[in-house]
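Since the structure comes first, as structure tokens, the remarks are kept for the end.
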């Protein structure tokens, strides 16, 4: 009956509660569906965890092994701005190293190839 209760909660607009039930029961399909609908968005309607075009551009250069100084020079922006883009990407993706950011870029390229 937890499945039906969770569906009823979701239909009643109580998706966060439904998500907790699905987490408890281990229903990954429903968890992913609800997590997608509960993902916070910014004023442009983009998921807050989604990288901006500039963050993606900086991430691609990180993946190529460029330093912040080299990225700044290539994009004609300050090194501090590059640091901000890298930090923002780390936060949005829940990662903490340039290697993880590079791996993310490689995965994205494989998905969109």
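Residue numbers (this note's numbering): 101 to 213. Ideal Cβ positions, reconstructed from N, Cα and C, are used throughout, including at glycine.
Cutting at 6 Å between CB atoms, please list the residues of its own chain near residue i, excluding the five before and the five after it.
{"i": "residue 119", "result": "134"}
{"i": "residue 205", "result": "159, 160 and 163"}
Excluding five sequence neighbours on each side, which residues of the same chain lie with their C-beta closer than 7 Å to the C-beta of residue i?
{"i": "residue 182", "result": "158, 168, 171 and 172"}
Return the Cβ separation of residue i and residue j in integer angstroms, given the expectation that the two are a contact with Cβ distance under 8 Å.
{"i": "residue 155", "j": "residue 188", "result": "6 Å"}
{"i": "residue 130", "j": "residue 106", "result": "7 Å"}
For residue i, count neighbouring Cβ atoms within 10 angstroms of its own Cβ and tell me buried if that reaches 16, exposed if not.
{"i": "residue 104", "result": "exposed"}
{"i": "residue 201", "result": "buried"}
{"i": "residue 151", "result": "buried"}
- Item | Complete runs of the alpha helix (DSSP H) confined to the stretch 119 to 196 [at least 4 residues] | 128 to 138, 153 to 163, 168 to 175 and 179 to 193
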